[in-house]
Each structure stands twice: as C-alpha cells, then as structure tokens.
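Enquirer: Below is one structure. I have some questions about it.
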Amino acid sequence: MSSSFKDVLSQVKKEIREVSVQDVDSAMKSRSDFVLLDVREKEEWDEGHLPGAVFLPRGFLEVRIEKTVPERQTPIMIYCAGGVRSALAAKSLKDMGYTDVVSMAGGYGEWKNNGLPFVVPEKLTKNRLARYSRHLKIPEVGEKGQLKLLQSKVLFVGAGGLGSPAGVYLAASGVGTIGLIDSDVVDESNLQRQILHWTSSIGMPKVDSARRTIFEVNPDVKVKTYQLRLDASNVLDIMQDYDLVVSGSDNFATAYLVNDAAVMLRKPVVYGSIFRFDGQASTFVPYEGPCFRCLYPQATPPELAPSCDEAGVLGVLPGVVGLIQATEAVKVLLNIGEPLVGRLLVYDALGMSFKTFRVRRDPNCSTCGSNAHIDLEAIPEFVCATNVR
Ligand SMILES: [Zn+2]
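The working numbering applies: residue 490 is where the sequence shown begins, and numbers increase by one.
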C-alpha cells in the first residue's frame, strides 16, 4: 500500500526527536560536543546560515556523513529551511546508526524569526566569478582580494589625463566605489589623452562623462560625482568616506590641499604628475613615509609656472603614469607588494627609462613633521604649475 508524503512525514516525526530553535541556541552557547548540520542547498546556505554550522546538502547526506561525522555517538543537530528536510535527514542518520540526532523544528526561517544570530558568507556571485576570474587565479588576490576591492572606495581628484586611465582600469578591476572630483566640462583638447571622455562628451561635465564610461566598463562600480573645485571647506567631508585617494590634480594648490587633508585623515594618496615627456609617481602613506610636502615643501611661485593651457604633454604619457597610480592603488588596497612609499618614480618617455629615488620624511615638514601645524585655509587658492591634466 502506498502512503502519501504527509503520512511519511508524520511517521518520521514519531521516530525522531525535534528540538526548538531556543534549544539549539542554548546548546550553541553552552556546549561544543555536537555537530550542527545544515542540509539545505548551496544557494540557501549562501544567503545565510547558523554560526558554526557545517554545510552538507540533503542530497549528499548519506554519501558524505561518515566522513563529516565519523563517530556514530557524536551528537548531531540538523536544520533546513522549515524543518521537513532536517526531519527526513535525522531519520536517515538514525537508520545509519547515529545514536544522538535531533532536528531543529521550524528550521532557519524560525531561527531568523526569533532574531537569533546568523552569518552571511562573503562570496562572489556567479556573474562576478566570471568577470573577475583572472584575479581569482592569482593567489595574492583570489576571491578574498576581489571582495576587498569590491568593498573599497577610491577617490579621484581630477577626471583628466591621469584620472582617465587610472579610473578606467580600477573600475574594470572591480574597485566597488569610485568618487570623482572635477569642476570642468569636456573640451576638444582633452580628448587626445583623457580616455574617460569621448567626442560625443564635448561640453558635458567631466564627472558625468566619466560616470557614463565607467558604467559601460563595469556596471558593478558605484560612481559618486563631485562637480566642484576642491577647497578647504569641502575636502575633509568628501575625503573621509574613502579608503584611498588617486591624485591627478593639475596644480600645486590642489596637490597641497589633498596632501594636507589626507595626512589629517590618515588616508593614503597615490600621486602622479606629467609634463611634456616626463612623469612622476609616488605613494604617500601618512606617517609611514614622506608626504607630498616632504618632497615639495613650497609651491612653485606662480610667476615661474607656465599656465596650464600652455604646458604641453605627449598624449600617451598619462596612460603610463595613470596606470602606475592604478597599480599602486590596488597594491595598497590589497596590502601586497612594495608600494612606492618613500620612493619617487621618475619616468622619461623619450629615453624610455624608469628611475626611483629615495625620499625621506622631513622631520620639519609643516604637514607631517613633529611640529606640524596643518591649516587648510592657508593654502593659496590656485597656483598653476608645471603639471598638465
Ligand atoms: Zn611631510
């Protein structure tokens, strides 16, 4: 005679022992001699599970239980989503000779309804596993590193020559949040090197044009835009939300402002500058290495600095320097390799040479020295110098 599922379940429930979610909760607090088994499917597990639970889906239960729990006397508590699959699992284990098996009535749903603690495993979704698969093959990055990048927030000062290659690549790499500060609109003369912007972007605010490009490159990335000129009144508010700053400003005043605010907030800054055929890059980690002011204590006097419009730059140069900045940013965020802390990298495109120079912290630095006094208001408004965006 055949029996309905209802009959089977009620028969099973007579043969096994059920416990409440509170029983499991108090056992978790007071005992460590039992195994807590989650017999749901992978997708259910990934959405959240009980702390300390062992994942063994119902379909593999009988096949794998002897490996997971070799001793038949070990107490086992089983749960699923609502208490049905766990009841069937408990019966099956009992039949296999496990002597102390219970099923948690009401399952994970009841557990959550009672406000009891659960953990959500940090995992990349299927789509993300595909998109970032080349990172996952590098042990130094891996899934953990990629999740770290996705949770990271990088602020770009300037969406121009340096911000463009750095922004495109960091977005593609999967840096989760990108902030863009730029007050300008896209001009035809930008397009030769500022690859965030296209011919169709002429006249658009640079931050909007950049957001459009980044979205096309990687819709995973949240883009926050600030169409303004950075000054003492807004720099701290904006910068405090970010883990790292990529500085590609076109003038010394902004570079000092970014530096001093970053030292106050202890945020690392990846610095880059370009002029004609030459580029520079360094990574300033406050109090671990020198800051920008240790390197350049005083601004170039305005009368000696060419105006930004007149300074020339080879169109391909910012690509190299911006990508060095992007590489440094990834290294700092993942805490791998040796960033350019205490070193200034100088790139000569015509000679095709890279040289690094040691830079030490200046004990008398007005920003990070022992008698430092940071006054953001005192930084002159705008001094155009030898950098080009
Ligand atoms: Zn300093």
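All C-beta atoms in this analysis are idealised placements derived from N, C-alpha and C, irrespective of residue type, glycine included.
Between which two residues does the alpha helix (DSSP H) harbouring residue 816 extend?
Expert: Working through the sequence shown from its first residue, we reach residue 816 at position 327. It spans 806-823 - the alpha helix (DSSP H) in which residue 816 sits, taken as one unbroken run.
Enquirer: Whose C-beta lies closer than 6 angstroms to the C-beta of residue 590 among residues of the same chain, with five residues either side of it excluded?
Expert: In the sequence shown, residue 590 corresponds to position 101, counting from 1. Contacts found: 565, 579, 582, 583.
Enquirer: Just the Cα atoms here: how many angstroms apart are residue 551 and residue 577?
Expert: Translated into the one-based positions of the sequence shown, residue 551 becomes position 62. Translated into the one-based positions of the sequence shown, residue 577 becomes position 88. Their Cα atoms are separated by approximately 11 angstroms.
Enquirer: In chain order, what residues of the same chain lie with their CB nearer than 8 angstroms to the CB of residue 504, ignoring the 5 residues before and after it?
Expert: Locating residue 504 in the sequence shown gives position 15, counting from the first residue. 580, 583.
Enquirer: Can you give me the Cβ contacts of residue 750 inside the same chain, cut-off strictly under 7 angstroms, excluding the 5 residues immediately before and after it?
Expert: The residue given as residue 750 occupies position 261 in the sequence shown. Hits under 7 angstroms: 724, 725, 728, 865.
Enquirer: Using only alpha-carbon positions, find the residue among 852, 771, 660, 593 that is nearest to residue 889.
Expert: There is simply no residue 889 to check, as the chain begins at 490 and stops at 878 in what is shown.
Enquirer: Using a threshold of 7 angstroms, is the CB atom of residue 688 nearer than that to any non-hydrogen atom of ligand 1?
Expert: Locating residue 688 in the sequence shown gives position 199, counting from the first residue. It does not: the Cβ of residue 688 is nowhere closer than 7 angstroms to a heavy atom of ligand 1.
Enquirer: What does the alpha-carbon distance come out to for the pair residue 644 and residue 737?
Expert: Looking up residue 644 in the sequence shown gives position 155. Looking up residue 737 in the sequence shown gives position 248. When rounded, the distance between both Cα atoms is 11 angstroms.
Enquirer: As a quick exercise: from 767, 733, 681, 800, pick the residue whose alpha carbon is nearest that of residue 739.
Expert: Taking the first residue of the sequence shown as 1, we reach residue 739 at position 250. With distances taken between Cα atoms, residue 739 lies closest to 800.
Enquirer: Between the Cα of residue 658 and those of 818, 714, 626, 696, spot the shortest distance and give me the residue it belongs to.
Expert: Against the sequence shown, residue 658 aligns to sequence position 169. Answer by Cα proximity: 818.
Enquirer: Taking residue 853 as the reference, which of 841, 822, 786 has the closest Cα?
Expert: For the purposes of this step, residue 853 is taken as residue 364 along the sequence shown, with counting starting at 1. Comparing Cα positions, the closest option is 786.
Enquirer: Mapping the DSSP letters down to three states, classify residue 698 as helix, strand or coil.
Expert: Stepping through the sequence shown from its first residue, residue 698 is reached at position 209. Three-state DSSP puts residue 698 in a helix.
Enquirer: Could you work out which residue in 763, 586, 559, 594 is closest to residue 603 when comparing CA atoms only?
Expert: Here the question's residue 603 lines up with position 114 in the sequence shown. Looking at the Cα atoms, 594 is the closest of the given residues.
Enquirer: Could you pull out every residue in the same chain whose Cβ sits closer than 7 angstroms to the Cβ of residue 532, ignoring the five residues on either side in sequence?
Expert: Here the question's residue 532 lines up with position 43 in the sequence shown. Nothing listed; no residue qualifies.
Enquirer: Between residue 779 and ligand 1, is the CB less than 7 angstroms from at least one heavy atom?
Expert: One-based indexing of the sequence shown puts residue 779 at position 290. Indeed, a heavy atom of ligand 1 lies less than 7 angstroms from the Cβ.
Enquirer: Short of 6 angstroms in beta carbon distance, which residues of its chain neighbour residue 876, apart from the five on each side in sequence? Order them along the chain.
Expert: Translated into the one-based positions of the sequence shown, residue 876 becomes position 387. Its pLDDT being 43, under 50, residue 876 is placed unreliably by the model, and nothing is read from it.
Enquirer: Residue 842 bridges to which residues according to DSSP?
Expert: Within the sequence shown, the letter at position 353 stands for residue 842. Paired residue(s): 837.
Enquirer: Between 560, 674, 681, 536, which has its C-alpha nearest residue 610's C-alpha?
Expert: In the sequence shown, the residue the question calls residue 610 occupies position 121. Considering only alpha carbons, the answer is 536.
Enquirer: May I ask whether a heavy atom of ligand 1 can be found less than 7 angstroms away from the beta carbon of residue 851?
Expert: Taking the sequence shown and counting its residues from 1, one reaches residue 851 at position 362. Checking every heavy atom of ligand 1 against the Cβ of residue 851, one is found closer than 7 angstroms.
Enquirer: On the three-pair Cβ rule with 8 angstroms, is the segment 665-677 touching the segment 691-698?
Expert: Verdict: yes, contact present.
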